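Have a look at the structure below before the remarks.
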Amino acid sequence: MKTAFITGITGQDGAYLAKFLLEKGYKVHGGVRRISQPETTRLDLLGVTNQVELHEFDLAEQNNIFRVIRDLEIDEFYNLAAQSFVGASWELPIYTADVDAMAVVKILDTIRSLSPQTRFYQASTSEMFGLVQEVPQSETTRLYPRSPYGVAKVYGHYITMNYRESFDMHASSGILFNHESPLRGKEFVTRKITLGLAALARGGDAAIELGNMDAKRDWGFAGDYVEGMWHMLQQDVPDDYVLATGVTTTIRDFFTAAGTALGMDIEWSGEGEDETATDKKSGKQVMKVNPKFYRPAEVDLLIGDPTKALTKLGWKPKVTVNELAEMMAKSDYDALG
Ligand code: NAP
Ligand code: G4F
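The numbers in the sequence shown follow the working numbering, run straight up by one, and end at 609.
Following this line, the structure appears as C-alpha cells:
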C-alpha cells in the first residue's frame, strides 16, 4: 500500500484527490489547519472523512512540515495548500508569499534531507502566465504574473524545478488552468454565479454583483484534474505539465450557460459598469456590475495547450465547460431545495 500526504486536503482539490487515491488503495494522510471548529465539509460531502488520517498542519510552521516528513514514510507528497484566492492576495501579499512560495522550499528541503525517495507534486497555476506572452499557453510559455499570488506561485514553480535539477529529486509541477466543481470555494467567480443563480431560481431577487465580465478562463472539472496530478507522480522521469481543456470562455458566457441550465433565458444589455443581465422568463435582473470586484491588475485571457499531458500522461479532461456550469448550477439549486 502506498502512502500519500496531501497539504490542503480540506480544499476543493484536496478532497477530490483524497477520494481518488483512496480508490486506488493508498493510505491517505492530510494536513489541516488548527481552527476553532475543524472544517471537513468537502471530505464529508465525498464520504471520505473517516478513511483519511488528518494531522494538524500549517504551511507557515517549519516544524509541522518537518514532523510529517520525518514520521510518515511518505511515497507521494502533494502540495495543494495555498492562499489560493487571487483577489485576496493584494490584501495579503506577505502571508501569500510565506504560504505559496516560502513553504514550498521548506517542504522540498525537508524531503531532500529526511526522505529523498518521496515524490513531490507542486500545485502550479495558469495564473503564472498573467499578461500572456503566447496564445495558447504551454509549458514553455514565458511567465508574466499579474498578482502577488501569481508571483508567489512562480517562485514555487521554479524552486521545484531547481530542486529537481540540483538534487535529482522526483519533483513535478502541474500548471493547472482553472478547475471548478460543486465543491469550489464560494468567492471564486463560477461558484459565486451558480450559488447566486440557484437562489434566484428558488425565488430570490438579489442580482449577483460581479466585476470584469470580459475576462476569459479555460475552465475544467476538478475531478478530472486530480487524476492528472497522480499521473505526473507515476512517471519514471519528473517533469512539468499543463492541464487544461484548450477552450476559453468569458465570465458572461459561463453565466449564461449556468442560467440556461436552471431554465432561465438570460439577456445582456449595457457595457462596462452599466452592463446588466435579465432573465426574460421571470423579468428579474440577475446581474449587475460592482467595480469593487475589479482587480488592480487583471489576467484577461487564459487558454491552455494540454498536448504534453495528453500525449505523455494519457490524461484527458472529460467535462466540458457547459457541462461544468450545469453540474454546479444544479448542485447549488438542489442544495437549496
Ligand atoms: P482551495 O479550495 O482554496 O484549498 C486550499 C487549501 O489550502 C485548503 O485546504 C486550505 O485550508 C489550505 N490552506 C490554506 N492556507 C494554509 C496554510 N497556511 N497551512 C495549511 N493549509 C492551508 O484551493 P484549490 O482550488 O483546491 O486549489 C488547490 C491548489 O491548486 C492551490 O495551491 C491553488 O493555488 C492551486 N491551483 C488551483 C487552481 C484552481 O483553479 N482551483 C488552478 C491552479 C492552481 P482551509 O480549509 O483551512 O482553508
Ligand atoms: O474565479 P476567479 O477568482 O479565479 P482566478 O483569479 O482565475 O484564480 C483561480 O484560478 C487560478 C488558475 O488560473 C488559480 F491559480 C487560483 O488559485 C484560482 O483558483 O476569477 C476569475 C475571473 C477573474 O478575471 C476575475 O476578475 O473572474 C473575474 N471576476 C469577475 N467578477 C470575478 C468576479 N472573480 C471573482 N472571484 N469574483 C467576482 O465577483
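For every residue, glycine included, the Cβ atom is placed at its ideal position computed from N, Cα and C. All of these numbers come straight from a predicted model, not from anything done at the bench.
Own chain residues within Cβ distance below 6 angstroms of residue i, not counting five before or after
| i | result |
| --- | --- |
| I281 | A290, G302 |
| T382 | I337, F338, I341 |
| M600 | P454, T466 |
| W587 | G500, H503, A581 |
| D330 | R305, N336 |
Assigned secondary structure, residue i (DSSP; H/G/I helix, E/B strand, else coil)
| i | result |
| --- | --- |
| L331 | coil |
| I431 | helix |
| K553 | coil |
| V561 | strand |
| G518 | coil |
| R489 | strand |
| H451 | strand |
| D512 | strand |
| I465 | helix |
| E399 | helix |
| G446 | strand |
| W362 | helix |
| K299 | strand |
Classification of residue i by the beta-carbon crowding that lies within 10 angstroms, buried from 16 upward
| i | result |
| --- | --- |
| I307 | exposed |
| I575 | buried |
| G402 | buried |
| P310 | exposed |
| L386 | exposed |
| Q284 | buried |
| M273 | exposed |
| D577 | buried |
Identity of the residue in the options nearest residue i by Cα
| i | options | result |
| --- | --- | --- |
| D477 | Y298, D551, W502, G428 | D551 |
| V358 | L585, E598, F565 | F565 |
| V376 | H429, N594, A276, G297 | H429 |
| K299 | G319, A276, G283 | A276 |
| P417 | G518, Y367, L380, W362 | W362 |
| Q355 | G457, E411, D347 | G457 |
| V498 | A395, T592, V304, V519 | A395 |
| R474 | M536, M485, R463 | M536 |
| V593 | A332, G286, T517, S410 | T517 |
| M374 | A353, R391, P388, Q389 | A353 |
| N562 | G544, S438, A533, F493 | G544 |
| P388 | L585, P568, F493, F349 | F349 |
| E333 | D370, E570, P568, G422 | D370 |
Other residues of its chain near residue i: CB distance less than 8 angstroms, five sequence neighbours each side excluded
| i | result |
| --- | --- |
| E406 | T413, R414 |
| G542 | T548 |
| K464 | K458, I480, L482 |
Cβ distance (whole Å) where residue i is taken to contact residue j below 8 angstroms
| i | j | result |
| --- | --- | --- |
| T432 | L467 | Going by Cβ atoms, the distance from T432 to L467 rounds to 34 angstroms, so no, they are not a contact pair. |
| T279 | N351 | 5 angstroms |
| L608 | A471 | 7 angstroms |
| V514 | S419 | The pair is not a contact, with the Cβ atoms about 19 angstroms apart (cut-off 8 angstroms). |
Contacts around residue i, its chain only, beta-carbon distance under 7 angstroms, and the 5 residues preceding and following it disregarded
| i | result |
| --- | --- |
| Y367 | Q355 |
| T321 | T312, L315 |
| L317 | L455 |
Closer than 7 angstroms: residue i CB and nearest ligand 4 heavy atom
| i | result |
| --- | --- |
| G283 | This structure does not include ligand 4; its bound ligands are ligand 1 and ligand 2. |
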